Amino acid sequence: MTIGEKMVAFQKTIEGGFDQQMFDEIWHDEYEGWSNSNQAKTSKQDILETLKNCVGVKASGSVLYENDEVLVMEYDWVFPANTARPEGTYAAVEFCRLRDGKIASHQTGMTKLG
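Sequential numbering of the sequence shown, starting at 1, is according to my numbering.
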């Protein structure tokens, strides 16, 4: 299973909580990213904390492009009230740099649709 395929499967676990083992298989321990929402660097632990606030969120995605170095995905997210973002439907595109078969960094552009 490619990292992109793992991400698609992982997204399906978010609504009911999320799969911690799958999370650890996807995100590199030395992950370092950037949060456009917070305008700050992020770590693997920051991603984990965000996911804890996403229980109830419906997510679906697909791989647009993937090789050994990068992964590009698109997502649709539906956030209910009292989750990580204001209630509504969002579209996102995510660019990930890969290392050792895991996500080492990523950047996401997200737009609220409704």
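Idealized CB from N, CA, C, for every residue including glycine. Owing to the predicted nature of the structure, the values given are computational and were not obtained by experimental measurement.
I need the straight-line Cα distance from G4 to A84, nearest angstrom please.
On the sequence shown, position 4 is the one that residue 4 refers to. On the sequence shown, position 84 is the one that residue 84 refers to. Going by the C-alpha atoms only, they are around 23 Å apart.
Requested in this report: Would you grab the beta carbon distance between E49 and Y75 for me? Rounded to a whole angstrom, and I think it's under 8 Å.
Outcome: Counting from one through the sequence shown, the residue named residue 49 turns up at place 49. Counting from one through the sequence shown, the residue named residue 75 turns up at place 75. No, E49 and Y75 are not in contact; Cβ-Cβ is about 19 Å, not under 8 Å.
DSSP has S35 in a bridge; who is on the other side?
Here residue 35 corresponds to residue number 35 of the sequence shown, with the count starting at 1. The bridge partners DSSP lists for S35 are A40.
- Item | Own chain, CB closer than 6 Å to D19, minus 5 neighbours either side, in chain order | Taking the first residue of the sequence shown as position 1, residue 19 is located at position 19. Excluding sequence neighbours, D19 sits near T13.
Under three-state DSSP, which class holds D68? The residue you call residue 68 lines up with position 68 of the sequence shown. Note: D68 maps to coil in three-state DSSP.
Local Cβ density within 10 Å of Y65, reported as buried at 16 or more and exposed below that: Position 65 of the sequence shown holds residue 65. Exposed is the call here.
Note to self: Between K102, M110, K112, which has its C-alpha nearest E32's C-alpha?
What the structure shows: Taking the first residue of the sequence shown as position 1, residue 32 is located at position 32. Closest option to E32, Cα to Cα, is K102.
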